[in-house]
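Colleague: To convert, count from 1 in the sequence shown and add 1; that's our numbering.
Beta carbons are placed, not taken as given, at the ideal position from N, Cα and C, and that holds for glycine.
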Amino acid sequence: MTNIGILYACKDDGVQKDIHELKNAALVWEKEKIVWVGHEDALPDMYSEMERMDAGGNMVIPGLIDCHTHLAFGGWREDEYELRSLGRPYIEIAKAGGGILNSVRNTREATEDELIEVCIERLDEIKKLGVTTVECKSGYGLNKEDELKVLRVYRKLDALQPLDIISTFLGAHTIPPEYKENREEYIRLLTDDLIPFIAENDLATFCDIFVEETAFSIDEARTILGTAKKAGFGLKLHADQLSSGGGAELAAELGAVSADHLEYISDDGIRAMAKANTVAVSIPFATFYLRQQSIPARKLIDAGVPVAVSTDFNPGSAPSYHLPLAMHLGCTLQYMSPAEVLKGATLYAAKALNLDTHTGSLEPGKNADFAVIKSKSINHWMYHFTPNACQMTVKDGRVIWSV
Ligand code: NIG
Ligand code: FE
């Protein structure tokens, strides 16, 4: 591709704000891999006869990676949104049987085919935003049959459409109503049945848990994630979202690949994550929709913790899959610069999925996953926010969408 006005390579070099800008660039790929990136006037002769695409002077970025979503769910919760708009707290709605449990009822009712259909519609829109990889969690089934149903949906979606789908088992999202009086038994179902079954059948890459007063305690998380780690899963945690509960410290202790949310992370948690090299996955939409305080992104970045940016797309706290909008809110609400949110939604999001040797930056050897954005710079893109500035999305060297 030639006539690229500005390209941001986002290499794993330097700190979060270093996104490796290149003006008047060209990008060369063969099949699914990048073979050369540089100034167009330095393009080696050996590539000059190749088929060319013209970027029209636009900006090129690595394909965006949404490293935290709950993509497959039945129904929506717009009535709860109306209540929340008028000031009813999210946690109060959850305690009254709404919230996650509302979506559990709807997701159990949906068939595998119905979930596949709604997810394909969602992914068709997501790819138009420049996104090339999406992490997807279960967690609205909360019994064996329905958790496995959702994980099978993700495996099928990976084959049915062009975006890469990385699946995460979140059976520990909350305690389902059938086990309300017997939480130990639900935890045993997770550790003795579901985790080994999912590992044997290769239905998920990561195991996640929601650590919160209304969900699971630190000790329960240690048990569940300890079992998942032995079974070979990478670990993730929903931590310190609504209160400070030591989730970030536990993520570091267990060698989790990421801790997500972190609005209430403690200073000890920040230090522990920096030492353990755990990625902090920020979720500006949840902050925004729930009117919460933001993740202390500046403190995390200053401590050397990579801060990824994701949508957390789900029917409750973050009902939007617009990752560029989440990046914009990352700037406004989280005090991150446009360059920092770009690295947070590309290379550092890839790190949060252990994919950074394959994707997340534009350099030889990596997958040709990139997006052409109609903007003159990353600052201008984030500042003058438009519904969709993406002109073209390329995944594994193939154009999967263009205007
Ligand atoms: O990541 N924090 C827990 N789980 C989801 C929200 C779930 C819901 O409200 O349905 C989240 O924000
Ligand atoms: Fe989430």
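#1: Which complete beta strand (DSSP E) runs does the segment 5–63 hold, if anything under 3 residues is left out?
#2: His69: beta carbon under 7 Å from a heavy atom of the ligand FE?
#3: Can you list, in chain order, the residues of its chain with a C-beta nearer than 7 Å to that of Tyr9? Leave out the 5 residues immediately preceding and following it.
#4: Any heavy atom of the ligand FE closer than 7 Å to the CB of Asp313?
#5: The alpha helix (DSSP H) with Ser86 in it runs from where to where?
#6: Can you tell me whether Thr312 is buried or exposed, with buried defined as 16 or more other CB within 10 angstroms of its CB?
#7: So Arg123 and Leu72 are in contact, right, with Cβ under 8 Å, and what is the actual spacing, rounded?
#8: Quick check on Ala353: does DSSP put it in helix, strand or coil?
#9: Do Ile101 and Thr175 come within 8 Å of each other at the CB atom, strictly closer than that value?
#10: Label His69 either buried or exposed according to how many other C-beta atoms from any shown protein chain fall within 10 Å of its C-beta, with 16 as the threshold for buried.
#11: Excluding the five sequence neighbours on either side, which residues of its own chain have a C-beta within less than 7 Å of the C-beta of Arg184, listed in chain order?
#12: In angstroms, rounded to a whole number, what distance separates the CA positions of Asn25 and His381?
#13: Does DSSP classify Asp377 as helix, strand or coil?
#14: Taking its Cβ as the centre, do 16 or more other Cβ atoms sit within 10 Å of Leu161, making it buried, or is it exposed?
#15: Helix, strand or coil for Leu143, going by three-state DSSP, please let me know.
#16: Helix, strand or coil for Lys129? Go by DSSP, reduced to three states.
#17: Report the three-state DSSP secondary structure of Asp67 (helix, strand or coil).
#18: Rounded to the nearest angstrom, what separates Leu130 and Ala205 at their Cα positions?
#19: On a CA-only basis, which of Gln392, Phe371 and Ser376 is nearest Gly398? Give me that one, please.
#20: Check whether the segment 129–148 and the segment 54–61 touch, using three or more Cβ-Cβ pairs below 8 Å as the test.
#21: Roughly how far, in whole angstroms, is the beta-carbon of Val151 from the beta-carbon of Leu195, given that I think they are within contact range, below 8 Å?
Modeller: To lay it out plainly:
#1: 5–9, 22–31, 34–40 and 60–63
#2: Here residue 69 refers to the residue found at position 68 when the sequence shown is read from its first residue. Inclusion of His69 in the 7 Å shell around the ligand FE follows from its C-beta lying nearer than that to a non-hydrogen atom of the ligand.
#3: As a first step, residue 9 is located in the sequence shown; it is residue number 8 there, counting from the start. Cβ neighbours of Tyr9 beyond the five flanking positions: Ile20, His21, Glu22, Ile62, Leu343 and Ile379.
#4: The residue labelled residue 313 in the question sits at position 312 within the sequence shown. Correct: Asp313 has its Cβ closer than 7 Å to the ligand FE.
#5: In the sequence shown, the residue the question calls residue 86 occupies position 85. Per DSSP, Ser86 belongs to the alpha helix (DSSP H) from Glu79 to Ser86.
#6: Along the sequence shown, read from residue 1 onward, the residue named residue 312 stands at position 311. Under a 10 Å Cβ-count criterion, Thr312 is classified as buried, with 16 or more other Cβ atoms of the shown protein chains found around its own Cβ.
#7: On the sequence shown, position 122 is the one that residue 123 refers to. On the sequence shown, position 71 is the one that residue 72 refers to. About 6 Å separates the two Cβ atoms, so the contact holds.
#8: Residue numbering aside, residue 353 sits at position 352 when the sequence shown is read from its first letter. Of the three classes helix, strand and coil, the one that applies to Ala353 here is coil, per DSSP.
#9: Counting from one through the sequence shown, the residue named residue 175 turns up at place 174. Counting from one through the sequence shown, the residue named residue 101 turns up at place 100. The answer is yes: Cβ separation under 8 Å.
#10: Position 68 of the sequence shown, counting from 1, holds the residue named residue 69. Burial call: buried.
#11: Your numbering for residue 184 matches position 183 in the sequence shown. Correct list, in chain order: Ile176.
#12: Position 24 of the sequence shown, counted from the first residue, corresponds to residue 25. Position 380 of the sequence shown, counted from the first residue, corresponds to residue 381. Cα to Cα, Asn25 sits roughly 17 Å from His381.
#13: One-based indexing of the sequence shown puts residue 377 at position 376. It should be pointed out that residue 377 corresponds to Lys in this sequence rather than to Asp. Three-state result, Lys377: coil.
#14: The residue you call residue 161 lines up with position 160 of the sequence shown. When all chains shown are included, Leu161 counts as exposed.
#15: As a first step, residue 143 is located in the sequence shown; it is residue number 142 there, counting from the start. Leu143 carries a coil assignment under DSSP once its states are collapsed to helix, strand and coil.
#16: To locate residue 129, count along the sequence shown from 1; it is residue 128. Note: Lys129 maps to coil in three-state DSSP.
#17: On the sequence shown, position 66 is the one that residue 67 refers to. Asp67: strand per DSSP, three-state reduction.
#18: Start at 1 with the first residue of the sequence shown, and residue 130 comes out as number 129. Start at 1 with the first residue of the sequence shown, and residue 205 comes out as number 204. In a straight line, the C-alpha of Leu130 is about 25 Å away from that of Ala205.
#19: Residue 398 sits at position 397 when you count from the first residue of the sequence shown. Checking every option, the nearest Cα to that of Gly398 belongs to Phe371.
#20: Cβ pair count under 8 Å is below three, so no.
#21: As a first step, residue 151 must be located in the sequence shown, where it is residue number 150. As a first step, residue 195 must be located in the sequence shown, where it is residue number 194. 12 Å between Cβ atoms; not a contact.
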